[in-house]
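The structure under discussion appears below in the form of structure tokens.
Numbering (the UniProt record's numbering), first residue to last: 1 to 578.
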């Protein structure tokens, strides 16, 4: 078995070897995705409705780029309808410096910034000013050379012909790969370098009983899946890092560091070999229970929900009592464990206080003392309040739940549980959480036009008092493409807070700031999102449709929630508000 895996891995190495294979024009270099200098996400496969993707290698202080730019712009002007033009910064130069260079040069060509030098290495980039033409269907480089040969190459491709002269020498400033050269001059250690990266970033989902499709619990599994690991890193599909790492600092950004990306990919290029007598992945141990904070003080059992094999299911509403809660208690943490993750898409909930009419608001924003009982969303983590923060769960309250299920082709029953942890009896936390949603609902909703690949919406909320921002939650459906949150301060300045550059409906995460951010009263937070209603969006149910607001996934929503904590936290005032 090990011999077969090794043979397969070495075959993959021969096919995917970074620079050596990429130097040969028409070799398949593989799909990839990068952010440009404005923080926009670009996935090469998305451009497969173009005849080719054209890249010119850009560095900030290159004379060769400056000389080649006019001819490259002329090619773009002549072929913009059928070809997609980019520049590629292979040095991972700072975004601010690239923005400044683009501004000084006065062009509008997106510059893809290769922070880890993994794309440029895979493409075999050699020099500044070099031009590469990539087929976004086969991911083959069909031309590489100076800009002087680009016009002829594009004319031949435009006519449906092969490029006659597919490789020419270039004379721009040489591109070096110091991290690659250092790594490939040694043997990267699986046990000391690679396994810790996989254990920290992958194994909690990729384990027996986890939510991922296979368990990464041994070197054999990591080696066998190494081609897939390479592919998902190159396209930024995994870890599920939808977030721009250059904006903000978050505890759950799910983005691999530059060093970790290089280590993993260079290890794969070396054949994904094992060293040492022990296998760190095989030695990982996981808690016997899924409860994140020990046995809960209270467990709410959601009534069992029978899910048919097929069909479209309306949202279900249930009201569940907090059985066993005999006195008011302050909540410090909660966790939703889905009974069947394959059918439960998400939930919303609302606390119904004693004596209520049985109806709740699923958007929150009511009593500041109300506890946060976590809902279920794809990728959600258990929720723990910040230090000395909580909400009061009153005896006799009920939990109103809205449940969204999707069918999978088999009948099943979802029996979910919600665990709740309290502060010690008699302890009253001093702080409360607040927040608001930058949401757009009907009747102010504007339908998304058919076949629009980048339809923007924006909504603004105002923070009424000095506050510390804690987290941001975007929510759209299948057509959701990106969402950015910007703070516009009372003094007229502004600051980008978070850029969810590659929104994915399968991973609806609440991004938590590592350090809460102080904003003054009157700060406006603008959430700007975009929808891809084109056929290029492979998840799009119907690109010909004018898309309304709606609860079901084939309709759309625009939901940008912000959680904060007011600076003025008078315990007497908060308790009196009960």
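Ideal Cβ placement from N, Cα and C applies to all residues, glycine included. What you are looking at is a predicted structure, and each value in this text was computed from that prediction instead of being measured.
Is it buried or exposed for residue i, if we count other Cβ within 10 angstroms and need 16 for buried?
i: residue 461; result: buried
i: residue 456; result: exposed
i: residue 201; result: buried
i: residue 216; result: buried
i: residue 228; result: exposed
i: residue 597; result: Limits of the chain in this structure are 1 at one end and 578 at the other, which puts residue 597 out of reach.
i: residue 561; result: buried
i: residue 538; result: exposed
i: residue 385; result: buried
i: residue 408; result: exposed
i: residue 128; result: buried
i: residue 166; result: buried
i: residue 563; result: buried
i: residue 164; result: exposed
i: residue 186; result: exposed
i: residue 256; result: buried
i: residue 38; result: exposed
i: residue 121; result: buried
i: residue 65; result: buried
i: residue 467; result: buried
i: residue 126; result: buried
i: residue 566; result: buried
i: residue 309; result: exposed
i: residue 483; result: buried
i: residue 660; result: Within the shown structure, residues of the chain are numbered from 1 to 578, placing residue 660 beyond reach of any answer.
On the three-state DSSP scale, how would you describe residue i?
i: residue 391; result: strand
i: residue 229; result: helix
i: residue 203; result: coil
i: residue 38; result: coil
i: residue 517; result: strand
i: residue 214; result: coil
i: residue 321; result: strand
i: residue 247; result: coil
i: residue 298; result: strand
i: residue 436; result: strand
i: residue 66; result: helix
i: residue 418; result: strand
i: residue 292; result: strand
i: residue 236; result: coil
i: residue 399; result: strand
i: residue 563; result: strand
i: residue 180; result: helix
i: residue 413; result: strand
i: residue 21; result: Note that residue 21 has pLDDT 36, beneath the 50 cutoff, so the model's placement of it is unreliable and the number below is only indicative. Reduced to three states, the DSSP call for residue 21 is helix.
i: residue 569; result: coil
i: residue 51; result: coil
i: residue 455; result: strand
i: residue 306; result: strand
Throw me the rounded Cβ distance for the residue i and residue j pair, which I believe falls under 8 Å.
i: residue 511; j: residue 553; result: Contact flag wrong, Cβ pair sits at about 22 Å.
i: residue 349; j: residue 373; result: 6 Å
i: residue 568; j: residue 432; result: In fact, because the Cβ distance is near 11 Å, the residues do not count as touching under 8 Å.
i: residue 381; j: residue 347; result: The pair is not a contact, with the Cβ atoms about 15 Å apart (cut-off 8 Å).
i: residue 319; j: residue 352; result: 7 Å
i: residue 501; j: residue 157; result: The Cβ separation is near 30 Å, so there is no contact.
i: residue 499; j: residue 247; result: 5 Å
i: residue 391; j: residue 371; result: 3 Å
i: residue 531; j: residue 459; result: That pair is no contact at about 14 Å.
Looking at the strands, I want to know which residues DSSP matches up with residue i.
i: residue 404; result: 346
i: residue 511; result: 472
i: residue 144; result: 132, 167
i: residue 486; result: 496, 526
i: residue 87; result: 56, 111
i: residue 480; result: 531
i: residue 448; result: 547
i: residue 335; result: 419
i: residue 383; result: 334
i: residue 558; result: 440
Consider the C-beta atom of residue i and the heavy atoms of the ligand HEM; say whether any pair is separated by less than 7 Å.
i: residue 419; result: Of ligands this structure carries none, so the ligand HEM is not represented either.
Worksheet item: Does the pairing of the region 187 to 195 with the region 79 to 99 give three or more beta-carbon distances under 8 Å?
Response: Verdict: no, contact absent.
Item to complete: Indicate whether the contact test is met: 3 or more Cβ pairs, each with one atom in the region 90 to 99 and one in the region 111 to 119, closer than 8 Å.
Response: The answer is yes - the region 111 to 119 touches the region 90 to 99, with three or more Cβ pairs under 8 Å.
Practice prompt. Mind the definition here: the region 290 to 299 touches the region 409 to 427 only if three or more C-beta pairs lie below 8 Å; say whether that holds.
Written response: Touching, yes, given that three or more Cβ pairs across the two stretches are closer than 8 Å.
Practice prompt. Please confirm if the region 400 to 412 is in contact with the region 337 to 350, defined as three or more CB-CB distances below 8 Å between the two stretches.
Written response: Contact annotation: the region 400 to 412 touches the region 337 to 350, with at least three C-beta pairs closer than 8 Å.
Practice prompt. Give a yes or no on contact between the region 267 to 285 and the region 239 to 248, applying the rule of three or more CB pairs nearer than 8 Å.
Written response: With the cut-off at 8 Å, the region 267 to 285 and the region 239 to 248 do not touch.
Worksheet item: Contact between the region 135 to 147 and the region 38 to 51: three or more CB pairs below 8 Å?
Response: Put simply, the region 135 to 147 touches the region 38 to 51. At least three CB pairs are less than 8 Å apart.
Worksheet item: For the 8 Å Cβ check, are there 3 or more pairs between the region 174 to 187 and the region 209 to 226?
Response: No: fewer than three Cβ pairs fall under 8 Å.
Worksheet item: For the 8 Å Cβ check, are there 3 or more pairs between the region 394 to 402 and the region 420 to 439?
Response: Result no; under three Cβ-Cβ pairs closer than 8 Å.
Item to complete: Count the CB pairs spanning the region 486 to 493 and the region 513 to 525 that are closer than 8 Å, and state whether there are at least three.
Response: Result yes; three or more Cβ-Cβ pairs closer than 8 Å.
Worksheet item: Is the region 67 to 84 close to the region 143 to 154, with three or more CB pairs under 8 Å?
Response: These segments touch.
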